[in-house]
Each structure stands twice: as C-alpha cells, then as structure tokens.
Amino acid sequence: MAHSDQPAMELRRLSFRYPNGRLALEEITCAVPQGDRVAIVGPSGAGKSTLLMHLNGLLPSPSLSKDEEAQVVIEGQAVTRSRLQQIRRQVGFLFQDPDDQLFCPTVQEDVAFGPLNLGLNRAEVLVRVERGLAAVGMADCLTRNPSELSTGERKRVCLAGILACDPSILVLDEPTSNLDPRARRQLLHILREFAGTLIVATHDLDFVIDLCSRVLVLESGKVQADGPTERVLSDPLIMDRHGLEVPWRLRR
Ligand code: ADP
Numbered sequence: 010m011a012h013s014d015q016p017a018m019e020l021r022r023l024s025f026r027y028p029n030g031r032l033a034l035e036e037i038t039c040a041v042p043q044g045d046r047v048a049i050v051g052p053s054g055a056g057k058s059t060l061l062m063h064l065n066g067l068l069p070s071p072s073l074s075k076d077e078e079a080q081v082v083i084e085g086q087a088v089t090r091s092r093l094q095q096i097r098r099q100v101g102f103l104f105q106d107p108d109d110q111l112f113c114p115t116v117q118e119d120v121a122f123g124p125l126n127l128g129l130n131r132a133e134v135l136v137r138v139e140r141g142l143a144a145v146g147m148a149d150c151l152t153r154n155p156s157e158l159s160t161g162e163r164k165r166v167c168l169a170g171i172l173a174c175d176p177s178i179l180v181l182d183e184p185t186s187n188l189d190p191r192a193r194r195q196l197l198h199i200l201r202e203f204a205g206t207l208i209v210a211t212h213d214l215d216f217v218i219d220l221c222s223r224v225l226v227l228e229s230g231k232v233q234a235d236g237p238t239e240r241v242l243s244d245p246l247i248m249d250r251h252g253l254e255v256p257w258r259l260r261r
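All residue numbers in the sequence shown are consecutive under our numbering, ending with 261.
This is how it looks when you write it as structure tokens:
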C-alpha cells in the first residue's frame, strides 16, 4: 500500500541505451508526488516514450534485477523483474495506438482481460467491466466489436480496461493523437475524474494546459526544464530552445 508521503514515481539517474547503441535517456532524476498530473513534452525523438515504458517495466532499466541500485521506483518499490506483476497493477499504461491494446471480439472481453489476469472472480470482473465502461461513457457497448468502433471509442475502451484494474498511476503516451475534438474533450473529462497520479507524454500543449499542473521538457534524453505548466509553456526561451511553441492561449 502506498504511503501518502512517498512519491508515486521516482527516477534516479535513469539512463537507457537501445541495443543499436542509441542513448535514449541520460541520467534522468525526478519525482512525481501522488495525485499529481504531470506532462512530458519535447520534440520527436526526445525520449518521451522510452521514459514512459520504464514506468511499468516495458523496457528494462539496467537495474531491473538489482534492488539496491533502483533507478525506477513506483510508490516506494523498485521496478524489478520479480515485482513486474505488482507494478503493472499499480501502473496502467495507455498506448498511443489502441490497436496495440485491443484484440478480443467484444468490448466486454477486452475490458475483462486485465481484471481476469489479476485473478479476480467472474462476479468481481463483471462489476469492474461495468464500472470501467461507465467511467468512459461506453456502458452500452458491451457486445460491440472493438474493430467497428471509432479511434476515440477504441481509446476509451482501452482506458476502461485499464481503469477496471484499479491502477493508482495512469501513464499515457500521446493520448489525443488521432482524436477528433469531441473525443479529445471526452478523454480530458475522463482523465480529470481520475483521482490517482497521471503521467502524460504529448505534443498537445492545450491538453496539457487543461489537465496538468506540471511540465517536464525532455530533449536528447535529458530533462531540460521542469516546473508549473503555465510558467514552462509560456517561456519562449525554453520553448524555442527545445523545438516547441508557446501555445496561443499563453501568448502575451
Ligand atoms: P519520443 O517518444 O520523444 O518521440 P522515443 O522515446 O521514441 O522519443 O525515442 C528516443 C530515441 O530513441 C530516438 O532517438 C529514437 O530514434 C530512439 N529509439 C526509439 N525506439 C528505438 C528502438 N526500438 N531501437 C533503437 N532506437 C530507438
């Protein structure tokens, strides 16, 4: 169980090199308090997805098997191979492309997949599925085939499956990509209702303004700026230097 005074997520000098030699993250140190909503922004290739994938062990930090040198710590616990199952209960991960996450013939089965994997009994799984779908406004889609839904709807089904596992941390990679304005607004509303910690990598800076209180600017695998959303996103020096633009809403 998480203590309220320990960070939801902590990175301690996290570096990561892909097998082809590319250094994607370099000595990243940061902590996110529980309940915070943090955006990670930066140009393409900055390392945003690579960072997110470390938060539930989708990519192995070099210390994955050595607790004493933990580089990724979730609610006080090092992300190690032996704890991956537990970590994945705590950290729900929404992929950019819903098709990476949906593979069942019905919405109900897709949303049930996670809770079933947690070992919950059928009755509890059904309750979780209904609750998850209700939270994303898709309670009447149980028997639909996910492949026949719009991108926005498929993304919401993915989110329902994640919420059905009751995570305390939600990690989202480009959640608004390919969403029309209404689907984007719906997603914003759902995420605002989520009471846990949110970590979002995105190019959608208006979404960041509406959702997040803190922004990390990443470039070349390093944290280049870290501060309150409006202060970071309205600073033309920071934004220009890292290939970003001050959003219209914050221009003076
Ligand atoms: P972002 O999400 O900010 O666009 P990524 O985390 O995807 O950035 O990529 C960071 C760096 O790592 C980039 O230089 C990218 O080319 C490289 N990279 C990403 N995935 C791989 C991979 N599977 N193999 C080798 N290099 C990769």
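For every residue, glycine included, the Cβ atom is placed at its ideal position computed from N, Cα and C. Note that the coordinates shown come from a computational prediction; the quantities given were computed from them, not determined experimentally.
Can you list, in chain order, the residues of its chain whose CB lies under 7 Å from that of residue i, leaving out five sequence neighbours each side?
i    : result
V120 : V138, G141, L142, V166, A169, G170, A173
N187 : T160
Q117 : V138, L151, T152
G23  : Correcting the residue identity first, residue 23 is Leu in this sequence and not Gly. Taken in chain order, the residues that qualify are L34, I37, H63, S70, Q80, V81.
How big is the Cα-Cα spacing for residue i and residue j?
i    : j    : result
R97  : L64  : 9 Å
V180 : C39  : 16 Å
T211 : T185 : 8 Å
I131 : A148 : For the record, residue 131 in the displayed sequence is Arg; it is not Ile. The alpha-carbon atoms of R131 and A148 are separated by roughly 18 Å.
V241 : S58  : 20 Å
S74  : N29  : Confidence is the limiting factor: at S74 the pLDDT is only 45, short of 50, which leaves the residue's position unreliable and the question unanswerable from this model.
I247 : P52  : 12 Å
L277 : F203 : Lying before the first or after the last residue shown, residue 277 is absent from the chain, which here runs from 10 to 261.
T238 : I218 : 6 Å
T206 : R261 : 31 Å
P155 : L129 : 23 Å
Report buried or exposed for residue i, applying the criterion of at least 16 other Cβ atoms within 10 angstroms of its Cβ.
i    : result
D189 : exposed
G85  : exposed
Q195 : buried
M10  : Low local confidence applies: a pLDDT of 49 at M10 is under 50, so the model's placement there is unreliable, and no value is given.
A17  : buried
L32  : exposed
P176 : buried
E133 : exposed
E162 : buried
D108 : exposed
L41  : The sequence shown places Val at residue 41, rather than the Leu named in the question. The residue in question, V41, is buried, as its Cβ has 16 or more Cβ neighbours within 10 Å.
F25  : buried
R223 : buried
Cutting at 6 Å between CB atoms, please list the residues of its own chain near residue i, excluding the five before and the five after it.
i    : result
I208 : V47, V180
A234 : V226, V241, I247
Using C-beta distances below 8 Å, list every residue in its chain close to residue i, excluding the 5 sequence neighbours before and after it, in chain order.
i    : result
F104 : Q110, C167, D182
D76  : Caution is warranted here: a pLDDT of 46 is assigned to D76, below 50, making its placement in the model unreliable, and no coordinate value can be reported.
I199 : A144, V145, G146, R165, L168
Closest to residue i by C-alpha separation, out of the options, would be which residue?
i    : options                : result
P256 : S243, I247, D249       : S243
Q43  : R163, Q99, E228, G252  : Q99
G146 : D106, R191, P176       : R191
G236 : V50, L20, Q94          : V50
L197 : D175, S177, L225, K164 : K164
Y27  : G128, T238, G230, Q95  : G230
L60  : H251, E19, R201        : E19
I178 : P114, P155, D45        : D45
R250 : A55, Q15, S156         : A55
Can residue i be considered in contact with the ligand ATP, in the sense that its beta carbon sits closer than 7 Å to one or more heavy atoms?
i   : result
K57 : The ligand content of the structure shown is limited to the ligand ADP, which means the ligand ATP is not among them.
### Message
List, from N- to C-terminal side, the alpha helix (DSSP H) runs of 4 residues or more that fit wholly inside the segment 58 to 135.
### Response
93 to 99, 116 to 126
### Task
Could you pull out every unbroken beta strand (DSSP E) segment of at least 3 residues lying fully inside the segment 187 to 240, listed in chain order?
206 to 210, 223 to 228, 231 to 237
### Task
Could you tell me which uninterrupted alpha helix (DSSP H) segments, each at least 4 residues in length, are contained entirely in the segment 148 to 190, listed from first to last along the chain?
160 to 172
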